[in-house]
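Written out below as structure tokens is the structure these notes cover.
Chains as they are written, first to last, in my numbering: chain A, 1 to 288; chain B, 1001 to 1274; chain C, 2001 to 2389.
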């Protein structure tokens, strides 16, 4: 951005104040509600006027909650690794080719980002159900004797989440890979490296910060995901957000849901913080 | 470009990408396939080909889609205005960097919180508001719109902010040198060039809001029913061909809108080299 | 206003002791400049010398801390750009990407609320002036660099400004195109008779286009004058080496006679009687500046014995197409660069080098080559024809 000199004949204080309105709005809505539910987590379940740590003792002392948190974390870690492995080559192909099909790939990725999560899950249900397309094909081709029971397992949840995050991670990686000059790989080739070593020793290390930063983001989103696991996990493979939902809808236990939400929030914000620190992605023109 | 540089590994990478891309599209294809068949339940393979499902979509689906569209449109409109103002203020204004960092963090925050957690907290807050002050934000839909608007502000902020940051300020200098006042410069030069970014941000906001289930989950009731939640309920109850049909229609419509808008916006963005 | 009346009016542009600081840096330092009606003045200098900042101050995009800007006697120092009736062409053209060529060119008129028909007529006129008729419906992104440049010019001339400012408009173009465009700009300026201030770092461009050149360094004007005056009588080593090439030979001032300085070159006995950039006294160390094209290299037999000359040997010869460049070693100092239009003088030959005393300027021996006196002194000292425009 071309900067005008300090005399600022042109600029005024006007623009500065404009930003206040949106910030206030977000603070008023998000800030208030977040503050509210933090407060709610301390409210005594029996006596609405009193504040207590009982809720925390109860929730944090319940092994079941930790169990679900742990299995959610495991699922999320798997999701991150699988998503990264799947997305990287795709992002590489898009970033390095100026062909029509690379553009088409990009188009599909972008359109896929906008596809509804529910509709996605619906599609996977149709695919993975015991009477779904996959099983029908497998049985018909004799590759399996019995239908595979995929829905309602953590596997299905992983598949669904990966499918949702691949487009996002790919779009994050494409500009990063584009910024790595292909001449570096050619230089490595000239020094004797075969193609896989060029990528392994040059491209991958250079793109690693961005990849890790993006992965933290995927981890955060995976931990907080509700829709996909709820639909594909079938109530049997439960993730943490579902726990929160149950507290609210089924048990009407708002205090517990507030504590659980806080636990999740802390974890997610930690992961997002790591991601920001690694990618340090700020809008150009905005200092910081 | 490295065309001379092809190796088997590159071929494998491209092949892998092709498979991934096909898989990305697969669920949509599945939904389409499963919607075309006879019978109520969606079994594969269908006995006969039929478009019955499309013709027997109950009215309530259209009502739900309409409600969702209205809520999301209102939210996106609000978010577009706010996000643009924020981007303008932060990119163009001279703000102390400490304030700037804080403002940016606040404006990015809604996305970083899991939607479910936000949904819970909004609901709790509105319930408390209703009990304390009698204002039922849940019943009149205002609560929903506000929540969605706040949730989507970061997207508009990011898109418009990026466009503003790459905006060639000499264009405004030139306009003023040719005699345009500051207001005229804004209306004739800055805003037209910025508009595609604002529209794109607004479209993002709309789509994200339309599909957002967890945020709305605790704020729907008998009067206000939203599409993703209805679809969710339908799926958990029983997966029928009608459900697949509705899903296919919405997915195709969404994709078409996105592709058209991107094609149009990208051509405008290419020309607007400012 | 008819031409005669315009000529009798006040100067087109006057900058009076303009100073502009940006943070720690003084971008423009106590600068004064007068431009007459219809003149083409170029601000020439290296990057960072303040020429672009000066232009922005004239246009109104920057406000100086001190000093004043007058346009035709009217004080405009505090007026915003839109009220100054000045047309400025930016380095990156700044064509509005969302408007077609016709709307770009007609922009100033649209903003002044002229009638549609009048605007269309003027746009056609301007497109014809820059030889891009029929381009009205195209978008800027569809134009080549040279075409964009011409449209930027047309856009700014459309509303008939009093002053035309151009900020390195040709720097983005390749050499051939640049030369063509230089001719175009000069032609248009002559046709319209519009007062023009041009900024460039390319001395060839400055020499080609300008009625007067102001050579700038570190926010000040080192010397201002016609191209010829500056080239032949540079006021300082900086100006001398910025315009064309000049080589400097160490010497010593011996005395003054007939208004000229008598100097003796190191390593030689002969006394030369030359002009100097500033007054110097006997015993002062100095340098003698000579341009390569003025150095004459001859075979020893060809030089008249009473003419001053020095012995030399050709060390190197480079073929440059139109001529050859020689490096001649002498006792005077570093090898002298000279040109040979024939093909008899080859490396290894013994020769005799000479030049006319009138082609030489003596400068004080400052190691940085900067004028040791404020810029006003050289201007007063040199070329009496400076002010008689």
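The C-beta atom is built at its ideal place from N, Cα and C for all residues, glycine as well. Since the structure is predicted, the reported quantities are computational estimates derived from the model, not experimental observations.
### Message
Please report whether the beta-carbon of residue 2092/C lies at a distance below 8 Å from any beta-carbon of chain B.
### Response
As a first step, residue 2092/C is located in the third chain; it is residue number 92 there, counting from the start. True, the Cβ-Cβ gap to chain B drops below 8 Å.
### Query
Which chain A residues are close to residue 1016/B, counting only those with a beta carbon under 9 Å from its beta carbon?
For the purposes of this step, residue 1016/B is taken as residue 16 along the second chain, with counting starting at 1. Under the 9 Å cutoff, chain A gives 86, 89, 90 and 93.
### Query
Could you check where the alpha helix (DSSP H) with residue 2237/C kicks off and where it finishes?
As a first step, residue 2237/C must be located in the third chain, where it is residue number 237. Residue 2237/C -> alpha helix (DSSP H) spans 2237-2242.
### Query
Does residue 270/A come within less than 8 Å of chain B when only Cβ atoms are used?
Within the first chain, numbered from 1, the residue matching residue 270/A stands at position 270. No - not a single Cβ of chain B is within 8 Å of the one on residue 270/A.
### Query
Shorter than 8 Å from the beta carbon of residue 1177/B to some beta carbon of chain C?
Reading the second chain from its first residue, position 177 is the one you call residue 1177/B. Judged by the 8 Å Cβ criterion, residue 1177/B is in contact with chain C.
### Query
Nearest to residue 2265/C by alpha carbon, out of 2311/C, 2275/C, 2251/C and 2295/C?
Along the third chain, read from residue 1 onward, the residue named residue 2265/C stands at position 265. Nearest option by C-alpha distance: 2251/C.
### Task
Under the assumption that residue 2095/C contacts residue 2151/C (Cβ atoms under 8 Å), give the Cβ distance between them as a whole number of angstroms.
The count along the third chain starts at 1 and reaches residue 2095/C at position 95. The count along the third chain starts at 1 and reaches residue 2151/C at position 151. About 6 Å separates the beta carbons of residue 2095/C and residue 2151/C, which is inside the 8 Å limit, making them a contact pair.
### Query
When the Cα atoms are used, what is the spatial distance from residue 9/A to residue 272/A?
In the first chain, the residue the question calls residue 9/A occupies position 9. In the first chain, the residue the question calls residue 272/A occupies position 272. Confidence in residue 9/A is poor, its pLDDT being 30 and thus under 50, which makes the residue's placement unreliable; the coordinate value appears in the next sentence. If you take the alpha carbons of residue 9/A and residue 272/A, they lie about 40 Å apart.
### Message
Could you give the first and the last residue of the continuous beta strand (DSSP E) run that contains residue 2329/C?
### Response
Along the third chain, read from residue 1 onward, the residue named residue 2329/C stands at position 329. Residue 2329/C -> beta strand (DSSP E) spans 2324-2330.
### Task
Say whether chain B places a C-beta atom closer than 8 Å to the C-beta of residue 2081/C.
Here residue 2081/C refers to the residue found at position 81 of the third chain. Judged by the 8 Å Cβ criterion, residue 2081/C is in contact with chain B.
### Task
Name, please, each residue of chain A whose Cβ falls closer than 9 Å to the Cβ of residue 1245/B.
One-based indexing of the second chain puts residue 1245/B at position 245. The contact set of residue 1245/B on chain A, defined by CB atoms closer than 9 Å, is empty, because the minimum CB distance reaches about 11 Å.
### Query
Less than 8 Å separating the beta-carbons of residue 1035/B and residue 1008/B?
One-based indexing of the second chain puts residue 1035/B at position 35. One-based indexing of the second chain puts residue 1008/B at position 8. Contact flag unset, no.
### Query
chain C beta carbons: is any one of them nearer than 8 Å to that of residue 1162/B?
Position 162 of the second chain, counted from the first residue, corresponds to residue 1162/B. No, its Cβ sits nowhere closer than 8 Å to a Cβ of chain C.
### Query
Do the CB positions of residue 22/A and residue 1086/B come within less than 8 Å of each other?
In the first chain, counting from the first residue as 1, residue 22/A sits at position 22. In the second chain, counting from the first residue as 1, residue 1086/B sits at position 86. Taking 8 Å as the Cβ cut-off, residue 22/A and residue 1086/B qualify as a contacting pair.
### Task
Report yes or no: is there a C-beta of chain C within less than 8 Å of the C-beta of residue 1193/B?
Stepping through the second chain from its first residue, residue 1193/B is reached at position 193. Yes, its Cβ sits closer than 8 Å to a Cβ of chain C.
### Message
residue 2086/C and residue 2165/C - do their beta-carbons sit closer together than 8 Å?
### Response
The count along the third chain starts at 1 and reaches residue 2165/C at position 165. The count along the third chain starts at 1 and reaches residue 2086/C at position 86. In contact: residue 2165/C and residue 2086/C (Cβ atoms closer than 8 Å).
### Query
Across which residues does DSSP place residue 2231/C in a beta bridge pair?
Reading the third chain from its first residue, position 231 is the one you call residue 2231/C. None, per the DSSP bridge assignment.
### Query
By a C-beta neighbour count over all protein chains shown, 10 Å radius and 16 as the cutoff for buried, is residue 1226/B buried or exposed?
In the second chain, residue 1226/B corresponds to position 226, counting from 1. Here residue 1226/B is buried, its C-beta having at least 16 other C-beta atoms within 10 Å.
### Message
So with CB distances below 9 Å, who are the chain B contacts of residue 2135/C?
### Response
Position 135 of the third chain, counting from 1, holds the residue named residue 2135/C. Within 9 Å Cβ-Cβ: nothing; residue 2135/C doesn't reach chain B, min ~16 Å.
#### Entry: Sheet register partners of residue 2201/C (DSSP bridge)
If you number the third chain from 1, residue 2201/C lands on position 201. Paired residues: none, contrary to the question.
### Query
Quick one: which chain C residues come within Cβ less than 7 Å of residue 1171/B?
The sequence position of residue 1171/B within the second chain is 171, counting from 1. The contacting residues are 2094 and 2096.
### Message
If I measure Cβ to Cβ from residue 2271/C and keep anything under 8 Å in the same chain, skipping five residues before and after, which residues do I get?
### Response
By one-based count along the third chain, residue 2271/C stands at place 271. Excluding positions up to five away in sequence, the list reads 2254, 2262, 2263 and 2264.
### Query
Is it right to say residue 2355/C is buried, meaning 16 or more other beta carbons lie within 10 angstroms of its own, or is it exposed?
By one-based count along the third chain, residue 2355/C stands at place 355. By the 10 Å Cβ count, residue 2355/C comes out buried.
### Task
Per DSSP, which residues does residue 2319/C bridge with? Please list them.
Against the third chain, residue 2319/C aligns to sequence position 319. Answer by DSSP bridge pairing, in chain order: 2324/C.
### Task
Return the CA-CA distance between residue 2373/C and residue 2069/C, expressed in angstroms with no decimal places.
Reading the third chain from its first residue, position 373 is the one you call residue 2373/C. Reading the third chain from its first residue, position 69 is the one you call residue 2069/C. With a pLDDT of only 33 at residue 2373/C, under the threshold of 50, the placement of this residue in the model should not be trusted, and no figure is reported.
### Message
Whole angstroms are fine: how far does the CA of residue 171/A sit from the CA of residue 83/A?
### Response
Along the first chain, one-based indexing puts residue 83/A at 83. Along the first chain, one-based indexing puts residue 171/A at 171. One C-alpha to the other measures close to 12 Å.
### Nearest to residue 1143/B (by Cα), restricted to the options 1155/B, 1158/B, 1127/B and 1156/B
On the second chain, position 143 is the one that residue 1143/B refers to. The shortest Cα separation from residue 1143/B among 1155/B, 1158/B, 1127/B and 1156/B belongs to 1127/B.
### Message
Helix, strand or coil for residue 2013/C? Go by DSSP, reduced to three states.
### Response
Within the third chain, the letter at position 13 stands for residue 2013/C. It is a strand residue.
### Which of helix, strand or coil DSSP assigns to residue 140/A
For this step, residue 140/A is matched to residue 140 along the first chain. Helix at residue 140/A.
### Task
Note down, in chain order, each residue of its chain lying with its Cβ closer than 7 Å to the Cβ of residue 2020/C, except the 5 sequence neighbours on either side.
For this step, residue 2020/C is matched to residue 20 along the third chain. Here the set comprises 2027, 2028, 2053, 2057, 2062, 2064 and 2065.
### Task
Grab the span of the alpha helix (DSSP H) containing residue 2143/C for me, first residue to last.
Within the third chain, the letter at position 143 stands for residue 2143/C. Taken as a continuous stretch (DSSP letters only), residue 2143/C belongs to no alpha helix (DSSP H), as it is neither H nor E.
### Query
Which ranges does the alpha helix (DSSP H) cover as unbroken runs of at least 4 residues, wholly within the stretch 2081-2149 of chain C, from first to last along the chain?
Fully enclosed alpha helix (DSSP H) runs of 4 or longer: 2101-2105, 2107-2111 and 2116-2129.
### Task
Whole angstroms is fine: what's the gap from residue 249/A's alpha carbon to residue 1234/B's?
Against the first chain, residue 249/A aligns to sequence position 249. Against the second chain, residue 1234/B aligns to sequence position 234. Cα to Cα, residue 249/A sits roughly 17 Å from residue 1234/B.
#### Entry: Span of the alpha helix (DSSP H) around residue 113/A
Start at 1 with the first residue of the first chain, and residue 113/A comes out as number 113. Residue 113/A -> alpha helix (DSSP H) spans 100-113.
### Query
Of the residues 2292/C, 2293/C and 2278/C, which one's Cα is nearest the Cα of residue 2286/C?
The sequence position of residue 2286/C within the third chain is 286, counting from 1. Among 2292/C, 2293/C and 2278/C, the Cα nearest to that of residue 2286/C belongs to 2278/C.
### Message
Just to check my reading of the structure: residue 2350/C and residue 2300/C have Cβ atoms closer than 8 Å, yes? What is that Cβ distance to the nearest angstrom?
### Response
Here residue 2350/C corresponds to residue number 350 of the third chain, with the count starting at 1. Here residue 2300/C corresponds to residue number 300 of the third chain, with the count starting at 1. With 8 Å as the limit, residue 2350/C and residue 2300/C qualify as a contact, their Cβ atoms being about 6 Å apart.
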